[in-house]
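Colleague: The sequence shown: position 262 = 283 (the numbering used here), numbered continuously.
Quick reminder that beta carbons are idealized off the backbone N, C-alpha and C, glycines included.
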Amino acid sequence: MPAEIQTEIQEAVESRRNFAIISHPDAGKTTLTEKLLLYGGAIHEAGAVKARRAQRKATSDWMEMEQQRGISITSTVLQFLYQGFQINLLDTPGHQDFSEDTYRTLAAADNAVMLIDAAKGLEPQTRKLFQVCQMRSLPIFTFVNKLDRPGREALELLDEIEQELGMQTYAVNWPIGMGDRFQGVFDRVHRQIHLFERRAHGSKAAQDTVIDLGDPRIEEFLDQELYYQLKEELEILEEIAADFDLEQVHAGKMTPVFFGSAMTNFGVELFLKSFLDYALKPESRKSSQGNIEPTYPDFTGFVFKLQANMDPKHRDRVAFVRVCTGKFEKDMTVKHARTGKAVRLYRPEKLFAQGRESLDVAYPGDVIGLNNPGVFAIGDTIYNGKKLEYEGIPCFSPEIFAYIKNPNPSKFKQFQKGITELREEGAIQIMYSADEFKRDPILAAVGQLQFEVVQFRLRNEYNVETTLEPLSFSLARWVAGGWEAVEKAGRVFNTMTVKDNWGRPVLLIRNEWNLGQIMADHPELKLNSTAPVGAGIQPD
Ligand SMILES: Nc1nc2c(ncn2[C@@H]2O[C@H](COP(=O)(O)OP(=O)(O)OP(=O)(O)O)[C@@H](O)[C@H]2O)c(=O)[nH]1
Ligand SMILES: [Mg+2]
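(1) Based on the DSSP output, what are the partners of His-271 in its beta bridges?
(2) Skipping 5 residues on each side, what residues in its chain have a beta carbon closer than 6 Å to that of Ala-465?
(3) Just to confirm, does Pro-160 get its C-beta within under 7 Å of one of the non-hydrogen atoms of ligand 2?
(4) Count the C-beta pairs between the region 341 to 349 and the region 380 to 388 that are closer than 8 Å, then say yes if the count reaches three, no if not.
(5) Would you tell me roughly how many angstroms separate the C-alpha atoms of Glu-378 and Asp-298, rounded to the nearest one?
(6) Within the region 475 to 533, note down every full alpha helix (DSSP H) run reaching 4 residues or more, in order along the chain.
(7) Is the closest heavy atom of ligand 1 to the C-beta of Pro-46 under 7 Å?
(8) Under 5 Å from any heavy atom of ligand 2, by CB: list those residues in chain order, please.
(9) Mind checking Ile-137: buried by the 16 CB within 10 Å criterion, or exposed?
(10) So, is Ala-501 buried or exposed, given that buried needs 16 or more other C-beta atoms within 10 angstroms?
(11) Does the beta-carbon of Ser-493, which I'm using as the reference point, lie nearer than 7 Å to any heavy atom of ligand 1?
(12) Check Phe-101 in the structure and name its three-state DSSP category.
(13) Considering only heavy atoms of ligand 1, does any lie closer than 7 Å to the CB of Met-86?
(14) So is His-12 buried or exposed if we call it buried at 16+ other beta carbons inside 10 Å?
(15) Alpha carbon to alpha carbon, how far is Leu-380 from Ala-358?
(16) Is Asp-298 near ligand 1 - that is, is its Cβ less than 7 Å away from at least one heavy atom of it?
(17) With a CB to CB cut of under 7 Å and the five nearest residues on each side skipped, what residues in its chain are close to Leu-57?
(18) State yes or no: is the C-beta of Ala-283 nearer than 7 Å to some heavy atom of ligand 1?
(19) For Phe-341, count the other beta carbons within 10 Å of its own beta carbon; 16 or more makes it buried, fewer makes it exposed. Which is it?
(20) Any heavy atom of ligand 1 inside 7 Å of the beta-carbon of Asn-166?
(21) According to the Cβ coordinates, are Arg-90 and Lys-326 closer than 8 Å?
(22) What does Thr-276 pair with, by DSSP beta-bridge criteria?
(23) Quick one, which of Glu-490, Val-270, Trp-499, Ala-363 has its alpha-carbon nearest Gly-406's?
(24) Please tell me whether Met-156 and Thr-147 are closer than 8 Å, where the distance is taken between their beta carbons.
(25) For Ala-263 and Leu-186, what's the separation of their Cα atoms in angstroms?
(26) Ligand 1 heavy atoms versus the CB of Pro-145: any closer than 7 Å?
(27) Whose C-beta lies closer than 7 Å to the C-beta of Phe-296 among residues of the same chain, with five residues either side of it excluded?
(28) Might you give, ordered along the chain, the residues of its own chain that have their beta carbon closer than 7 Å to the beta carbon of Met-86, omitting 5 neighbours on each side?
(29) How big is the Cα-Cα spacing for Asn-515 and Glu-121?
(30) Quick check for students: name the residue ranges of the alpha helix (DSSP H) that lie wholly in the region 242 to 323, counting only runs of 4 or more.
(31) So what does DSSP say about Tyr-404, is it helix, strand or coil?
(32) In chain order, what residues of the same chain lie with their CB nearer than 6 Å to the CB of Phe-160, ignoring the 5 residues before and after it?
(33) For a test of your reading of the model: does the CB of Pro-23 fall under 7 Å from any non-hydrogen atom of ligand 1? Yes or no.
(34) Taking Ala-41 as the reference, give the member of His-335, Ile-26, Glu-174, Ser-96 with the closest Cα.
(35) Have a look at the DSSP bridge pairing and note the partners of Lys-326.
(36) Any beta carbon from chain C within less than 8 Å of Ala-374's own beta carbon?
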């Protein structure tokens with residue numbers, strides 16, 4: 022490879038940062054995302070998550086149902102430039118019914134930003150997602166949000182993170198008051214106070230007033246009691262808190278903590294700047310050929326998400342690809358690892374929530390959108406040069422099941438198309454009975470909201486009304502050894518045998534008690550609670 026291209030890739034890697042925002046629902050991920058875009062200059066006026074009519078809506082909640090309900094349903098990719106850095110931001114849904122989507126998105130991230138609502142502290146979904154980040158050894162940055170409202174003591178919140186998540190904390194800034202008395206934050210690195218302006222309006226960038234710690238005007242600006250409290254707390258921090266250690270941060274063992282209020286923009290830019298100082302740049306990844314560095318000369322990447330109908334006018338299907346190595350160029354032809362076929366990547370797009378522009382080149386760390394004419398599946402690797410495959414993305418074990426029916430025969434085609442596309446997208450798992458006479462698709466979901474999304478989208482995007490017929494199963498188990506093993510076992514009572522997305526046998530089982538019975542009656546059956554990956558190498 023020519024030396025210039027090698028240098029070009031190297032430089033691109035140095036200036037790229039990629040992160041996913043995670044948390045329990047409602048901590049403010051989409052709001053923070055919106056404000057980061059505002060500071061990044063990518064938008065000029067921030068929208069609100071739950072906008073009233075005629076008001077601007079949040080950029081990353083573009084789906085109709087998201088806007089109606091004010092929650093995120095699907096993760097969104099946004100790219101923007103800030104101070105010479107090319108940032109790829111991934112906003113994820115917090116609701117546990119959509120955690121599979123969040124999980125897939127984390128596979129494409131190099132860093133995670135964990136949001137905590139100052140009044141609530143750690144919440145169940147945040148804990149779960151934290152564990153996924155740890156499994157992937159992602160560095161975790163903590164943003165304690167909603168300081169404009171009464172919340173818990175900052176020291177107590179740090180203690181909770183340390184005790185419960187087993188991670189050291191390093192407070193990069195420190196809050197001065199909270200709720201009605203919130204006055205700003207102290208930047209411990211630059212030893213400056215950033216003053217909060219209550220009148221600041223959330224849709225425009227906030228004015229940042231900064232004073233040095235030694236400035237005699239402090240008394241004038243800050244409530245005296247809060248000033249003394251700050252001094253006292255800073256002393257405590259110096260005494261008990263660990264020193265900042267970037268290596269520990271990169272290993273996911275120490276989390277830099279920031280305080281702020283996304284809704285009022287406060288602390289957002291401060292956070293963004295420090296994040297860029299400390300975040301991990303694109304790293305090496307596990308593959309069938311061992312660890313592959315981002316500076317590996319050939320282009321490689323993997324599909325982590327599919328989305329149909331992002332542009333309702335064009336009824337398109339987009340594959341989200343994380344570029345891992347080399348240089349991506351428009352119209353290049355690559356190999357598709359699962360099928361061995363050559364695929365031409367025309368019309369690649371730079372992603373910005375629903376909006377997209379065409380793109381000519383991309384580098385490691387970038388997430389790009391490719392037109393997907395049904396070729397790609399989640400977990401697929403595409404590559405140039407020597408064959409390699411990245412780790413696949415396992416799907417979750419579904420817990421609720423229902424037949425979905427289309428009562429209107431004239432809508433047969435739309436129904437089939439909708440089901441196929443939503444299945445490929447992984448919006449839900451679709452299974453079919455092994456009994457050829459039962460043709461209705463079975464929806465298999467982690468949570469009830471996924472059913473609602475599927476029905477809503479079939480109505481909205483494919484113009485089909487559907488009905489559901491719930492099935493009384495609560496467990497899915499993949500049978501090791503495939504159809505042969507199923508046949509050998511003969512009839513298994515109280516179960517239903519179905520085919521998954523990849524045509525593999527799955528047993529639907531009523532409950533844990535039944536599962537115990539089955540295992541006792543059929544010791545030869547090996548049942549797995551997660552499916553082997555359909556594309557990519559099996560992760561450990
Ligand atoms: N007071 C206050 N409210 C906030 C702040 N940040 C966000 N909110 C509000 O909290 C609610 C939830 O915000 P979102 O940004 O949708 O939260 P989310 O984490 O994206 O939620 P999901 O995507 O559904 O998991 C909205 O009503 C926001 O206006 C803040 O700093 N202060
Ligand atoms: Mg959201």
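Modeller: In terms of the structure at hand:
(1) Translated into the one-based positions of the sequence shown, residue 271 becomes position 250. Per DSSP, none; premise fails for His-271.
(2) If you number the sequence shown from 1, residue 465 lands on position 444. Exclusion of the five residues before and after Ala-465 leaves Pro-419, Phe-422, Gln-450, Met-452 as the residues of its chain whose Cβ lies within less than 6 Å of its Cβ.
(3) As a first step, residue 160 is located in the sequence shown; it is residue number 139 there, counting from the start. Checking every heavy atom of ligand 2 against the Cβ of Pro-160, none is found closer than 7 Å.
(4) Touching, yes.
(5) Looking up residue 378 in the sequence shown gives position 357. Looking up residue 298 in the sequence shown gives position 277. So the alpha carbons of these two residues sit roughly 29 Å apart.
(6) Whole alpha helix (DSSP H) segments, 4+ residues: 503 to 510.
(7) The sequence position of residue 46 within the sequence shown is 25, counting from 1. Residue side-chain check: Pro-46 places its Cβ nearer than 7 Å to a non-hydrogen atom of ligand 1.
(8) Going by the Cβ distance cut-off, the answer is Lys-50, Thr-51, Ser-93.
(9) If you number the sequence shown from 1, residue 137 lands on position 116. Residue burial annotation: Ile-137 is buried, with at least 16 other C-beta atoms found within 10 angstroms of its C-beta.
(10) Sequence index remark: in the sequence shown, residue 501 carries index 480 (1-based). Answer is exposed; the Cβ neighbour count stays below 16.
(11) Numbered from its first residue, the sequence shown carries residue 493 at position 472. Flag unset: Cβ of Ser-493 not near ligand 1.
(12) Taking the sequence shown and counting its residues from 1, the one referred to as residue 101 is at position 80. It is a strand residue.
(13) Against the sequence shown, residue 86 aligns to sequence position 65. Not one heavy atom of ligand 1 is found less than 7 Å from the C-beta of Met-86.
(14) Only positions 22 to 561 of the chain appear in this structure, which leaves residue 12 out of reach.
(15) On the sequence shown, position 359 is the one that residue 380 refers to. On the sequence shown, position 337 is the one that residue 358 refers to. C-alpha separation (whole angstroms): 23 Å.
(16) As a first step, residue 298 must be located in the sequence shown, where it is residue number 277. Incorrect: Asp-298 has no Cβ contact closer than 7 Å to ligand 1.
(17) Counting from one through the sequence shown, the residue named residue 57 turns up at place 36. Hits under 7 Å: Leu-110, Val-289, Leu-293.
(18) The sequence position of residue 283 within the sequence shown is 262, counting from 1. Checking every heavy atom of ligand 1 against the Cβ of Ala-283, one is found closer than 7 Å.
(19) On the sequence shown, position 320 is the one that residue 341 refers to. So Phe-341 ends up on the buried side.
(20) For the purposes of this step, residue 166 is taken as the residue at position 145 of the sequence shown. Yes.
(21) Sequence index remark: in the sequence shown, residue 90 carries index 69 (1-based). Sequence index remark: in the sequence shown, residue 326 carries index 305 (1-based). Their beta carbons are not under 8 Å apart, which means Arg-90 does not touch Lys-326 by this criterion.
(22) Your numbering for residue 276 matches position 255 in the sequence shown. Its beta-bridge partners are Thr-190.
(23) In the sequence shown, residue 406 corresponds to position 385, counting from 1. Comparing Cα positions, the closest option is Ala-363.
(24) Here residue 156 refers to the residue found at position 135 of the sequence shown. Here residue 147 refers to the residue found at position 126 of the sequence shown. Result no, Cβ atoms of Met-156 and Thr-147 do not sit closer than 8 Å.
(25) Here residue 263 is taken as the residue at index 242 of the sequence shown, counted from 1. Here residue 186 is taken as the residue at index 165 of the sequence shown, counted from 1. Cα-Cα distance, rounded: 16 Å.
(26) Translated into positions along the sequence shown, residue 145 becomes position 124. Checking every heavy atom of ligand 1 against the Cβ of Pro-145, none is found closer than 7 Å.
(27) Position 275 of the sequence shown, counting from 1, holds the residue named residue 296. Excluding sequence neighbours, Phe-296 sits near Phe-162.
(28) Start at 1 with the first residue of the sequence shown, and residue 86 comes out as number 65. Hits under 7 Å: Ile-94, Val-474, Phe-477.
(29) In the sequence shown, counting from the first residue as 1, residue 515 sits at position 494. In the sequence shown, counting from the first residue as 1, residue 121 sits at position 100. Looking at the backbone, the Cα of Asn-515 and that of Glu-121 are separated by about 28 Å.
(30) Counting only runs of 4 or more, we get 245 to 261, 267 to 271, 289 to 299.
(31) Counted from its first residue, the sequence shown places residue 404 at position 383. Secondary structure at Tyr-404: strand, using DSSP grouped into helix, strand and coil.
(32) Your numbering for residue 160 matches position 139 in the sequence shown. According to the sequence displayed, residue 160 carries Pro and not Phe. Closer than 6 Å at the Cβ level, and outside the excluded window around Pro-160, lie Asn-132, Val-270, His-271, Gly-273, Leu-301.
(33) In the sequence shown, the residue the question calls residue 23 occupies position 2. It does not: the Cβ of Pro-23 is nowhere closer than 7 Å to a heavy atom of ligand 1.
(34) As a first step, residue 41 is located in the sequence shown; it is residue number 20 there, counting from the start. Looking at the Cα atoms, Ser-96 is the closest of the given residues.
(35) Along the sequence shown, one-based indexing puts residue 326 at 305. According to DSSP, which records beta bridges pairwise, Lys-326 is partnered with Phe-341.
(36) In the displayed structure, chain C is absent; only one protein chain is listed.
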